[in-house]
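Its first residue numbered 1, the sequence shown is counted upward by one per residue in full-length UniProt numbering. In this text, a Cβ means the ideal position worked out from N, Cα and C, and glycines have one as well.
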Amino acid sequence: MRGARLTGALLALAGLLQVALSLRIAAFNIRTFGETKMSNDTLSNYIVQILNRYDIALIQEVRDSHLTAVGKLLDRLNQDDPNTYHFVVSEPLGRNNYKERYLFVFRPDQVSLLDSYQYNDGCEPCGNDTFSREPAIVKFSSPFTQVKEFAIVPLHAAPSDALAEIDSLYDVYLDVQQKWDMEDIMLMGDFNAGCSYVTSSQWPSIRLRRNPAFWWLIPDIADTTVKSTHCAYDRSAGPGPVTTAPWVGSAGSGQGRERLHQQPSLLGAASETVLKASDTHS
1 MRGARLTGAL LALAGLLQVA LSLRIAAFNI RTFGETKMSN DTLSNYIVQI
51 LNRYDIALIQ EVRDSHLTAV GKLLDRLNQD DPNTYHFVVS EPLGRNNYKE
101 RYLFVFRPDQ VSLLDSYQYN DGCEPCGNDT FSREPAIVKF SSPFTQVKEF
151 AIVPLHAAPS DALAEIDSLY DVYLDVQQKW DMEDIMLMGD FNAGCSYVTS
201 SQWPSIRLRR NPAFWWLIPD IADTTVKSTH CAYDRSAGPG PVTTAPWVGS
251 AGSGQGRERL HQQPSLLGAA SETVLKASDT HS
């Protein structure tokens, strides 16, 4: 996919209703996140400023074999207090030599990591696996929220297989539900779920969309890009209507999302910096 974007959650996706404190949860697709990016002061400062806004952040497109860049990122996030952020990261995922990791950074004073596992989507060497980068699911708890335990299912979908991968998230949801005996499961990330990758006529074939139990927080008409394209590539879905689900709220928006093109002005960053930091490869 060509068309740079900050993943559709620089959107705080998950403030919990009727509680004193709301969690701020985001997904950020950083273009080829690795040592080169963390060695660039301008870009690394921008990334750290963004992540500091959230209690949990999913980072996608992590290309860091030895986790050197991840270590530098955590050092920056924890420069004032060594326990400001903790992290959990997947193994390198991909069907060929191109591999990515899913990385979660989170504030341990707000949430606790309870468990994690990688979804088994079939035999990759046999060619019958489902996902290019199968979800690595995490389970959190928080003493401050109405929903005490919840899971997050990340997905960075391959553009050419976006329709099939998004539909298969329903199977992942059922797997998490059975494994952990829970209903509060958020699915989020760069689904490549818009424009030519998933058309309006194809959405009815997607099981998560047909299921009335799920609320899609980012609508089809949204623009989650920072270039001239207008596509809702980045999505989040969770159980329940918006008025009752535990995944409602935002940092700075009453509609559960923060328009991405506003982010540069909020942080004082030039658009060129945004494009370099955000995703142009999926």
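- Tell me the DSSP bridge mates of aspartate 234? The residue labelled residue 234 in the question sits at position 234 within the sequence shown. According to DSSP, aspartate 234 shares a beta bridge with Asp190.
- Task: Give me the Cβ distance between glycine 132 and arginine 95, rounded to the nearest whole Å; I'm assuming they're in contact under 8 angstroms.
- Result: Stepping through the sequence shown from its first residue, residue 132 is reached at position 132. Stepping through the sequence shown from its first residue, residue 95 is reached at position 95. One point to set straight first is that residue 132 is serine, not glycine, in the sequence displayed. At roughly 6 angstroms, the Cβ-Cβ gap stays under 8 angstroms, so serine 132 and arginine 95 are in contact.
- Message: Does the contact criterion of 3 or more C-beta pairs under 8 angstroms hold for the region 54-62 versus the region 120-131?
- Response: Below 8 angstroms, too few C-beta pairs join the region 54-62 and the region 120-131 to call them touching: fewer than three.
- Item | Neighbourhood of serine 187 by C-beta, 6 angstroms cutoff - its chain only, sequence neighbours within 5 removed | As a first step, residue 187 is located in the sequence shown; it is residue number 187 there, counting from the start. Looking at the sequence provided, one finds leucine at residue 187 rather than serine. Short of 6 angstroms from the beta carbon of leucine 187, and not among the five residues preceding or following it, lie these beta carbons of its own chain, in chain order: Val153, Leu169, Ala237.
- What does tryptophan 180 pair with, by DSSP beta-bridge criteria? The residue you call residue 180 lines up with position 180 of the sequence shown. DSSP lists no partner for tryptophan 180.
- Message: Since aspartate 55 and phenylalanine 106 should fall inside the 8 angstroms C-beta cutoff, what is the C-beta to C-beta distance between them, to a whole number of angstroms?
- Response: Counted from its first residue, the sequence shown places residue 55 at position 55. Counted from its first residue, the sequence shown places residue 106 at position 106. Right, the Cβ-Cβ distance comes to about 6 angstroms (below 8 angstroms), so this counts as a contact.
- Message: Judging by CA-CA distance, which residue of Arg76, Ser39, Val176, Leu114 is the nearest neighbour of isoleucine 50?
- Response: For the purposes of this step, residue 50 is identified with residue 50 of the sequence shown, where counting begins at 1. Nearest of Arg76, Ser39, Val176, Leu114 to isoleucine 50, Cα basis: Arg76.
- Query: CB alanine 232 to CB proline 219, shorter than 8 angstroms?
  - Reply: Stepping through the sequence shown from its first residue, residue 232 is reached at position 232. Stepping through the sequence shown from its first residue, residue 219 is reached at position 219. With a cutoff of 8 angstroms on beta-carbon distance, alanine 232 and proline 219 are scored as near each other.
- Select from Ala158, Phe140, Ala222, Glu149 the residue whose C-alpha is nearest the C-alpha of leucine 58. Numbered from its first residue, the sequence shown carries residue 58 at position 58. Measuring from the Cα of leucine 58, the nearest candidate turns out to be Phe140.
- beta strand (DSSP E) containing glutamate 61: first to last residue? To locate residue 61, count along the sequence shown from 1; it is residue 61. Annotation: the continuous beta strand (DSSP E) that includes glutamate 61 extends over 56-62.
- Quick one: give me the first and last residue of the beta strand (DSSP E) that asparagine 29 is part of. Taking the sequence shown and counting its residues from 1, one reaches residue 29 at position 29. Run containing asparagine 29: 25-33, per the beta strand (DSSP E) assignment.
- Message: According to DSSP, glutamate 149 sits in a beta bridge with which residue or residues?
- Response: The residue you call residue 149 lines up with position 149 of the sequence shown. Residue pairing by DSSP puts glutamate 149 in a beta bridge opposite Ser141.
- Skipping 5 residues on each side, what residues in its chain have a beta carbon closer than 8 angstroms to that of valine 111? The residue labelled residue 111 in the question sits at position 111 within the sequence shown. Around valine 111, the same chain offers Leu23, Asp55, Ile56, Phe140, Ser141, Ser142 as residues with beta carbons nearer than 8 angstroms, after the five sequence neighbours per side are excluded.
- Report, in whole angstroms, the separation of the C-beta atoms of isoleucine 137 and alanine 151, which I expect to be a contact under 8 angstroms. The residue given as residue 137 occupies position 137 in the sequence shown. The residue given as residue 151 occupies position 151 in the sequence shown. The pair is a contact, with the Cβ atoms about 6 angstroms apart (cut-off 8 angstroms).
- Item | proline 154 - partner residues in DSSP beta bridges | Taking the sequence shown and counting its residues from 1, the one referred to as residue 154 is at position 154. Answer is Met188, bridged to proline 154.
- Query: Are aspartate 167 and aspartate 234 touching if we call contact CB-CB under 8 angstroms?
  - Reply: Working through the sequence shown from its first residue, we reach residue 167 at position 167. Working through the sequence shown from its first residue, we reach residue 234 at position 234. The criterion of a C-beta distance shorter than 8 angstroms is not satisfied by aspartate 167 and aspartate 234.
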